[in-house]
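Trainee: When the sequence shown is numbered by the numbering used here, its final residue is 894 and no position is left out of the sequence of numbers.
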Amino acid sequence: MLPLKEKDKPIIQKLLSAGCCARCVLRFCCVSVQAAYRQPQQETLQKLKAFLTDTENGKCQDSAQPDSTDENNKSHDAAVSETPEDPPSKRAKLDPSAAAAQPEEDAAAVGGLKDDDSHVCVVCLGILQELCGTVQAVKIAEAVKAKSYEFDTLVLSVSLPAQLCVREHSCWLHVKKEVREKGLVLDKDDVIQVKEAFKWIMQGLVAKELGGVAVVTKSAFEVGVEFTHPQTDTDCHFLATTCPDCFKPTKNKQSVFTRMAVVKALEKISDTKFLQHYPCPPAQPSSSCISQDIQCLHVSVFVAGRYNKFCRSLPQTPWVIDGERRMESSVEELIAAPILSAFRADGFNFSSSGREDVDVRTLGNGRPFAMELLNPHRSRLNKVEMKELQETINKSSDKIRVRDLQIVTRDAMSRMKEGEEEKTKSYTALVWTQKPIQTEDIAFIDDIKELTLDQKTPLRVLHRRALAIRQRVIHSMNTRFLDPHHFYLGLKTQAGTYIKEFVHGDFGRTKPNLCQLLKTDTDILELDVESVDVDWPPAILE
Ligand code: ZN
Numbered sequence: 353m354l355p356l357k358e359k360d361k362p363i364i365q366k367l368l369s370a371g372c373c374a375r376c377v378l379r380f381c382c383v384s385v386q387a388a389y390r391q392p393q394q395e396t397l398q399k400l401k402a403f404l405t406d407t408e409n410g411k412c413q414d415s416a417q418p419d420s421t422d423e424n425n426k427s428h429d430a431a432v433s434e435t436p437e438d439p440p441s442k443r444a445k446l447d448p449s450a451a452a453a454q455p456e457e458d459a460a461a462v463g464g465l466k467d468d469d470s471h472v473c474v475v476c477l478g479i480l481q482e483l484c485g486t487v488q489a490v491k492i493a494e495a496v497k498a499k500s501y502e503f504d505t506l507v508l509s510v511s512l513p514a515q516l517c518v519r520e521h522s523c524w525l526h527v528k529k530e531v532r533e534k535g536l537v538l539d540k541d542d543v544i545q546v547k548e549a550f551k552w553i554m555q556g557l558v559a560k561e562l563g564g565v566a567v568v569t570k571s572a573f574e575v576g577v578e579f580t581h582p583q584t585d586t587d588c589h590f591l592a593t594t595c596p597d598c599f600k601p602t603k604n605k606q607s608v609f610t611r612m613a614v615v616k617a618l619e620k621i622s623d624t625k626f627l628q629h630y631p632c633p634p635a636q637p638s639s640s641c642i643s644q645d646i647q648c649l650h651v652s653v654f655v656a657g658r659y660n661k662f663c664r665s666l667p668q669t670p671w672v673i674d675g676e677r678r679m680e681s682s683v684e685e686l687i688a689a690p691i692l693s694a695f696r697a698d699g700f701n702f703s704s705s706g707r708e709d710v711d712v713r714t715l716g717n718g719r720p721f722a723m724e725l726l727n728p729h730r731s732r733l734n735k736v737e738m739k740e741l742q743e744t745i746n747k748s749s750d751k752i753r754v755r756d757l758q759i760v761t762r763d764a765m766s767r768m769k770e771g772e773e774e775k776t777k778s779y780t781a782l783v784w785t786q787k788p789i790q791t792e793d794i795a796f797i798d799d800i801k802e803l804t805l806d807q808k809t810p811l812r813v814l815h816r817r818a819l820a821i822r823q824r825v826i827h828s829m830n831t832r833f834l835d836p837h838h839f840y841l842g843l844k845t846q847a848g849t850y851i852k853e854f855v856h857g858d859f860g861r862t863k864p865n866l867c868q869l870l871k872t873d874t875d876i877l878e879l880d881v882e883s884v885d886v887d888w889p890p891a892i893l894e
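(1) Going by DSSP in three states, D756 sits in which element: helix, strand or coil?
(2) Let's test the definition: count the other Cβ atoms within 10 Å of the Cβ of S693 and tell me whether it reaches 16, buried, or not, exposed.
(3) Since L725 and L733 should fall inside the 8 Å C-beta cutoff, what is the C-beta to C-beta distance between them, to a whole number of angstroms?
(4) Do C663 and G576 count as a contact pair if the criterion is CB distance below 9 Å?
(5) Along the chain, where does the beta strand (DSSP E) containing S509 start, and where does it finish?
(6) Between which two residues does the beta strand (DSSP E) harbouring R719 extend?
(7) Around ligand 1, what residues have a beta-carbon under 6 Å from a heavy atom of it, in chain order?
(8) Within 10 Å of its beta-carbon, does D880 have 16 or more other beta-carbons around it, so buried, or fewer, so exposed?
(9) With C-beta atoms as the reference, is E895 less than 9 Å away from P810?
(10) Is V487 buried or exposed, if buried means 16 or more other CB atoms sit within 10 Å of its CB?
(11) Less than 6 Å between C-beta atoms, sequence neighbours within five positions excluded: which residues of the same chain meet that for K775?
(12) Between the beta-carbon of V510 and the beta-carbon of F573, is there less than 9 Å?
(13) Within 10 angstroms of its Cβ, does F380 collect 16 or more other Cβ (buried), or is it exposed?
(14) Quick check: what's the CA-CA separation for S500 versus T569?
(15) Below 8 Å, how does it come out for the stretch 829-839 and the stretch 673-680: are there three or more Cβ pairs, yes or no?
(16) If you check the beta carbons only, do I752 and V683 fall under 9 Å apart?
(17) Give me the Cα-Cα distance between P728 and R532, rounded to the nearest whole angstrom.
(18) Can you say whether S731 is buried or exposed, counting buried as having 16 or more other CB atoms within 10 angstroms of its CB?
(19) Using three-state DSSP, classify A820 as helix, strand or coil.
(20) Which value, in whole angstroms, describes the spacing of the CA atoms of P362 and D542?
(21) For a test of the three-state rule: what should DSSP assign to H815, helix, strand or coil?
(22) Short of 8 Å in beta carbon distance, which residues of its chain neighbour P889, apart from the five on each side in sequence? Order them along the chain.
(23) Hey, D806 and K863 are a contact pair by Cβ (cut 8 Å); roughly how many whole angstroms apart?
(24) Check whether the Cβ atoms of Q393 and L477 lie closer than 9 Å to each other.
(25) My guess is that V567 and Q583 are in contact by the Cβ rule of under 8 Å, so how many angstroms apart are they, rounded?
(26) Under the three-state reduction of DSSP, which class applies to G563: helix, strand or coil?
(27) Rounded to whole angstroms, what is the Cα-Cα separation between K399 and E530?
(28) What residue does the alpha helix (DSSP H) around L397 start on, and which one ends it?
(29) Buried or exposed: which applies to T785, given that a residue is buried once 16 or more other Cβ atoms fall within 10 Å of its Cβ?
(30) Buried or exposed: where does I691 fall if 16 or more other Cβ atoms within 10 Å of its Cβ makes it buried?
(31) As an exercise, report each continuous alpha helix (DSSP H) stretch of at least 4 residues that is fully enclosed by the stretch 787-857, in chain order.
(32) Per DSSP, V655 is paired with what?
(33) Sort out for me which residues DSSP pairs R677 with in a bridge.
(34) Can you tell me the Cβ-Cβ gap for A498 and R611, rounded? I've got them flagged as a contact below 8 Å.
(35) Which residues in the same chain as I364 place their Cβ atom closer than 8 Å to its Cβ, once the five residues preceding and following it in sequence are excluded?
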């Protein structure tokens, strides 16, 4: 039962003669009934031919052509096709079902049609033929199963060779002539796309092979099917001369003939010019597209928490100079390793609310951090599993500790970064003084409130940060006398304040500084971050 009308007949005739497959014919007839594409393609071809030979209007859907799903008819047809008149070479070329469904006289009856049904379609290059069916669905399902992802639904994405657009355009022009002559109306946008038809056919088959998982249009899990057709790659090349500004070399692409560029060029080129450079209808290919490896991709999962760093020789991120590692580990690697393996992710991006120097500890409640996990094969861990994961991290090293570990959304992650400059941070510094001091000498510092500093970019970071003067505020300070040359200085500051430079003055680049306040040289021996006052991620109650 094909939803076709009498007016489609000349188009069908023309497309079949040009070497289009049955499903491409349906596409150009703008058939949007999905079930029509799911019929075996050889059956559809028979129905199309029967429709053409049927002169009576409207009888197409239950025409003289027997339904080949009927076993009796099938065996009858098979007997017909195996008559002695059949040349053996031709029989060998046809696959058994095609032979069964196609009595010889049909092809002869429809004048000018290609009599060999096993040819590769000139438009879809085989994609809607044997590359679209149970065999392909099994291949996709096996590839997905082998990678053992955790998912409820999946979206099928299809990547087609760019030259398919050129062939589609050529075929469209071929049909357009006919449409014009007959005074018919056909809009190019109404033609069903190859991709669309492929999905209509494949989604259900893939779902079935994967045990009934929903194949939908939007999902966190994407299964990519890619087709290439090296034999016809040069189809696009003439467009580069007719439309040079559409094909600018880009960094990451192997070829300038991307699908987007080709589509753009085809929108620009006039019909006359196109027809001067490209055959209409397209030339017959000798082989089908090649199906590339199935690509699976799960959208990122985001994990956040807070970390403590107890070690004065651990950088936050891997420390590599001239390709050589300077420290054997880093905060992010210690945290990431167990998380990556729990989520079976391919990689990660780590970010945190500020960062500390390699020799600075982060104590108290810790520093908020978030990680984007790339292509996680597992995406859901419940609260208990997250707690276990946190324990695994904490048992793996005594240099760091993690708390409040949780899965967050991508949006939530930006909360950590927003308003970072306005947040306050608390520090404890161990300060050395050149002049001997007593408790009374430093007591006045406890009374200093809202001290504004002008900080010229510190010498130690000048190689990676622009030279500027930044104003930062020390909200409050407190002192704890240790001995005549040492005391502990507690500071509550605006985020982004350079504490080391405030203490030693950075050759007068930070003003005012502790040397000026105490009227003696001072230096910083140790620094700890006591708290980072960002109320994200939310604390997890035990
Ligand atoms: Zn086709």
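The C-beta atom is built at its ideal place from N, Cα and C for all residues, glycine as well.
Mentor: In short, the structure shows the following:
(1) strand
(2) exposed
(3) Your pair L725 and L733 does not check out as a contact, with CB atoms roughly 11 Å apart and the cut at 8 Å.
(4) no
(5) Taken as a continuous stretch (DSSP letters only), the beta strand (DSSP E) holding S509 covers 505-511.
(6) 713-726
(7) C372, C373, R375, C376, C473, V475, C476, L480
(8) buried
(9) The displayed coordinates of the chain run from 353 to 894. Any statement about residue 895 would go beyond what the structure contains.
(10) exposed
(11) A847, D885, V886
(12) No; because the gap between Cβ atoms is not below 9 Å, this pair is not in contact.
(13) Answer is buried; the Cβ neighbour count reaches 16.
(14) 21 Å
(15) no
(16) yes
(17) Distance from the CA of P728 to the CA of R532, rounded to the nearest whole angstrom, comes to 53 Å.
(18) buried
(19) coil
(20) 18 Å
(21) Three-state result, H815: coil.
(22) A656, G657, R658, P720, A722, D756, Q758, V760, A764, M768
(23) 5 Å
(24) no
(25) Not really, about 30 Å apart at Cβ, beyond 8 Å.
(26) coil
(27) Here the alpha carbons of E530 and K399 stand approximately 22 Å from one another.
(28) Per DSSP, L397 belongs to the alpha helix (DSSP H) from 393-405.
(29) Taking a 10 Å sphere around the C-beta of T785, we find 16 or more other C-beta atoms and assign the residue as buried.
(30) buried
(31) 791-795, 851-856
(32) M723, I759
(33) When DSSP reads this structure, R677 sits in a beta bridge with V672.
(34) Between R611 and A498 the Cβ distance is about 28 Å, and since that is not below 8 Å, they are no contact.
(35) L356, V377, C381, L400, F403, L404
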